[in-house]
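What follows is a set of notes on a single structure, which appears directly below.
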Amino acid sequence: MADRHPLFKPLIFVGGLIFGFGLGFSQMARPEVVLNFLQFEDFGLVFVMFGAAIVSGIAFALLPRIRDRAPLTGDTYERRLKPFDRNVLIGGAIFGVGWGLSGICPGAAYASLGVGNVTILWALAGMFVGAYVQGYWRSRSTNAAPATAGAD
Amino acid sequence: MVTDPVLLQAVAELFPNGISRYAVGGLLVGLGTVVIYVGTGIPAGASTFLESTLSYVSDQSRFQQYVGSRDWRLVFTAGIILGGLAFAATVQSGLITSALYEPGSTGQLYEVAGVTLWKTDVQPWRLFLGGILVGIGTRIGKGCTSGHGVCGVGSASRTSIVGVLTFLTVAIGTAQIVAALGVSP
Numbered sequence: 028m029a030d031r032h033p034l035f036k037p038l039i040f041v042g043g044l045i046f047g048f049g050l051g052f053s054q055m056a057r058p059e060v061v062l063n064f065l066q067f068e069d070f071g072l073v074f075v076m077f078g079a080a081i082v083s084g085i086a087f088a089l090l091p092r093i094r095d096r097a098p099l100t101g102d103t104y105e106r107r108l109k110p111f112d113r114n115v116l117i118g119g120a121i122f123g124v125g126w127g128l129s130g131i132c133p134g135a136a137y138a139s140l141g142v143g144n145v146t147i148l149w150a151l152a153g154m155f156v157g158a159y160v161q162g163y164w165r166s167r168s169t170n171a172a173p174a175t176a177g178a179d
Numbered sequence: 003m004v005t006d007p008v009l010l011q012a013v014a015e016l017f018p019n020g021i022s023r024y025a026v027g028g029l030l031v032g033l034g035t036v037v038i039y040v041g042t043g044i045p046a047g048a049s050t051f052l053e054s055t056l057s058y059v060s061d062q063s064r065f066q067q068y069v070g071s072r073d074w075r076l077v078f079t080a081g082i083i084l085g086g087l088a089f090a091a092t093v094q095s096g097l098i099t100s101a102l103y104e105p106g107s108t109g110q111l112y113e114v115a116g117v118t119l120w121k122t123d124v125q126p127w128r129l130f131l132g133g134i135l136v137g138i139g140t141r142i143g144k145g146c147t148s149g150h151g152v153c154g155v156g157s158a159s160r161t162s163i164v165g166v167l168t169f170l171t172v173a174i175g176t177a178q179i180v181a182a183l184g185v186s187p
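Here the protein sequences come in this chain order: A and B.
In terms of the numbering used here, the first sequence is residues 28 to 179.
In terms of the numbering used here, the second sequence is residues 3 to 187.
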């Protein structure tokens with residue numbers, strides 16, 4: 028990782044900036060707005076996720092046809108495909124309860140801190156606790172399983 | 003096309019804040035993802051940051067697989083936080099005015115050094131307990147709203163589409179139950 032292109036991290040940073048600005052602009056960084064959506068009081072939030080997925084979808088479909096490898100990493104352009112198993116349903120359901128209770132998901136939580144929402148530190152602390160608990164448990168129960176290097 | 007005023011009104015009630023601010027915000031979120039993908043080939047999600055950052059402080063084997071990506075994930079997350087701050091310092095502070103932005107529809111506004119900041123009214127116990135479940139669920143479920151929802155759905159990944167339908171359905175059910183129990187905000 029030491030020999031990565033010098034622009035690798037600056038580009039990631041700029042991408043993060045735009046990503047966070049978009050979450051602020053869309054108001055998705057406000058838990059209340061997410062909760063209003065989940066309670067069917069404002070369906071506008073659908074446009075955040077699908078708007079974003081359409082933009083990324085166009086890039087994911089076009090880039091592999093335009094060029095072979097990404098300039099800063101030399102990696103081939105691949106789509107984000109993860110194997111399906113029961114964990115997708117179990118984890119998705121647990122995440123769903125958490126999202127429905129708090130109105131907060133990881134990306135929006137980071138952006139929420141940026142817009143001044145210091146109360147969100149409760150959610151961030153909770154996320155680290157939760158991620159640690161599952162990591163502790165899985166380190167013990169699936170030590171023999173092969174590690175998949177995901178990029179999500 | 004014939005415009006039916008009753009239908010138009012029904013649609014307007016579904017979108018009390020219009021759709022423009024959501025669509026513009028969503029396009030920017032997508033653009034951020036695309037900028038990273040074009041340069042690096044990485045379809046970045048936000049939730050792996052939790053585990054990759056834990057690898058700095060914990061030697062549990064589960065976290066060690068993210069050692070190679072933890073540095074740039076930290077940079078990505080710092081970018082997201084500062085992107086939110088950039089929004090606060092411009093649009094939220096009124097430096098850039100946009101008809102799409104409403105200042106005080108939820109939460110509380112406050113000011114620090116000329117920058118208008120915003121704070122939620124949602125109760126800390128909801129955020130903390132919800133956060134724990136989000137931390138467990140996104141990691142077991144292989145992604146969150148950005149990993150599955152933006153990059154996965156954008157990749158037309160069946161796993162991600164099923165993942166999104168799962169967490170969206172459960173979240174709607176949970177939010178409805180919590181509201182029905184009278185918890186607010």
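Even for Gly, the Cβ is constructed at its ideal location relative to N, Cα and C.
ARG92(A) at chain B interface by Cβ criterion, 8 Å: Answer no: the Cβ-Cβ gap between ARG92(A) and chain B never drops below 8 Å.
Check LYS121(B) in the structure and name its three-state DSSP category. If DSSP states are grouped into helix, strand and coil, LYS121(B) belongs with the strands.
I'd like the list of long-range same chain contacts for ALA91(B), defined as Cβ closer than 6 Å, with 5 residues on each side in sequence excluded. Hits under 6 Å: VAL117.
Assuming GLY125(A) contacts GLY151(B) under a Cβ cut-off of 8 Å, what Cβ separation, rounded to an integer in Å, is found between them? That belief does not hold up - the Cβ atoms of GLY125(A) and GLY151(B) are roughly 15 Å apart, past 8 Å.
What is the residue span of the beta strand (DSSP E) that TYR112(B) lies within? From DSSP, the beta strand (DSSP E) with TYR112(B) extends over 110-114.
Thinking C-beta only, is ALA173(B) closer than 8 Å to GLN66(A)? No, Cβ-Cβ distance for GLN66(A) and ALA173(B) is not below 8 Å.
Bounding residues of the alpha helix (DSSP H) (the contiguous stretch that carries ARG106(A)): For ARG106(A), no alpha helix (DSSP H) segment is defined, and its DSSP state is neither H nor E.
Following the continuous alpha helix (DSSP H) through ASP73(B), name the residue where it begins and the one where it ends. It spans 72-89 - the alpha helix (DSSP H) in which ASP73(B) sits, taken as one unbroken run.
Beta carbon proximity, PRO98(A) to chain B, threshold 8 Å: Yes, PRO98(A) lies at the interface with chain B (some Cβ there is under 8 Å from its Cβ).
Taking the beta carbon of THR146(A) as the centre, do at least 16 other beta carbons fall within 10 Å, making it buried, or is it exposed? Classified as buried, THR146(A) has 16 or more neighbouring CB atoms from the shown chains inside 10 Å of its CB.
CA-to-CA distance, ILE21(B) to PHE155(A), given in whole angstroms: Near 33 Å, if we compare the C-alpha coordinates of ILE21(B) and PHE155(A).
Closer than 8 Å, CB to CB, is PRO18(B) near chain A or not? Output row for PRO18(B): interface = yes.
Quick one: Cα of SER168(A) to Cα of ARG113(A), how far? Distance between the alpha carbons of SER168(A) and ARG113(A): 16 Å.
Comparing the C-beta of LEU183(B) with each C-beta of chain A, is any distance below 8 Å? Judged by the 8 Å Cβ criterion, LEU183(B) is not in contact with chain A.
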